[in-house]
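Trainee: End of the sequence shown = 97 in my numbering, gap-free, step of one.
Glycine included, each C-beta is placed from N, C-alpha and C at the ideal position.
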Amino acid sequence: MDNQAPLIDIATELSSDKQGVIKGRVTDNVGIAEVTLDGQTIPIDKKGNFIYRTFIPPNGLTLTIEAFDLAGLSSVINVPLQRNASDTNTIAFDP
Numbered sequence: 003m004d005n006q007a008p009l010i011d012i013a014t015e016l017s018s019d020k021q022g023v024i025k026g027r028v029t030d031n032v033g034i035a036e037v038t039l040d041g042q043t044i045p046i047d048k049k050g051n052f053i054y055r056t057f058i059p060p061n062g063l064t065l066t067i068e069a070f071d072l073a074g075l076s077s078v079i080n081v082p083l084q085r086n087a088s089d090t091n092t093i094a095f096d097p
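1) Would you check if the region 73-83 and the region 40-50 touch, i.e. whether three or more CB-CB distances between them fall below 8 Å?
2) Which same chain residues, not among the five before or five after D40, have their C-beta less than 7 Å away from its C-beta?
3) Just to confirm, is the Cβ distance from L72 to V32 under 8 Å?
4) Based on the DSSP output, what are the partners of D102 in its beta bridges?
5) With distances taken Cα to Cα, identify the nearest neighbour of P82 among A69, F57, F70.
6) So what does DSSP say about D11, is it helix, strand or coil?
7) Looking at the unbroken beta strand (DSSP E) that takes in G22, where does it start and where does it end?
8) What would DSSP say about Q84, mapped onto helix, strand or coil?
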C-alpha cells in the first residue's frame with residue numbers, strides 16, 4: 003500500500019512586468035495522476051515537469067498547486083507571486 007504523497011518542487015517563480023511564470027516538477031513513487039493549479043488541471047510532461055503563466059494583479063496573488071498520485075494521495079503548496087516594484091509607476095498631472 004502506498005503511503006507516500008507526491009512531491010511538488012518549484013524550480014522558479016518569475017515575475018516579469020504583469021506576467022508570472024511558475025516552473026516546477028512533480029514526482030511520486032507510484033506515478034502522478036493529475037496536477038491542478040487553483041482547481042484547473044495543468045499539463046505535465048513524462049518527467050512531471052510543468053510551466054504555468056498567469057497575469058499578476060496589482061496586489062499580487064497566491065496560486066495553489068495540488069498533485070495527486072495514482073493511489074489517490076495528494077500534496078498541496080501555495081506559491082505567492084508579486085509584481086516587480088518597478089511596475090508601480092504613477093502618472094502625476096499638474097493641476
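Mentor: Straight from the coordinates:
1) no
2) L65, T66
3) yes
4) Because residue 102 is not part of the residues shown, which for the chain are 3 to 97, the question remains open.
5) F57
6) strand
7) 21-29
8) coil
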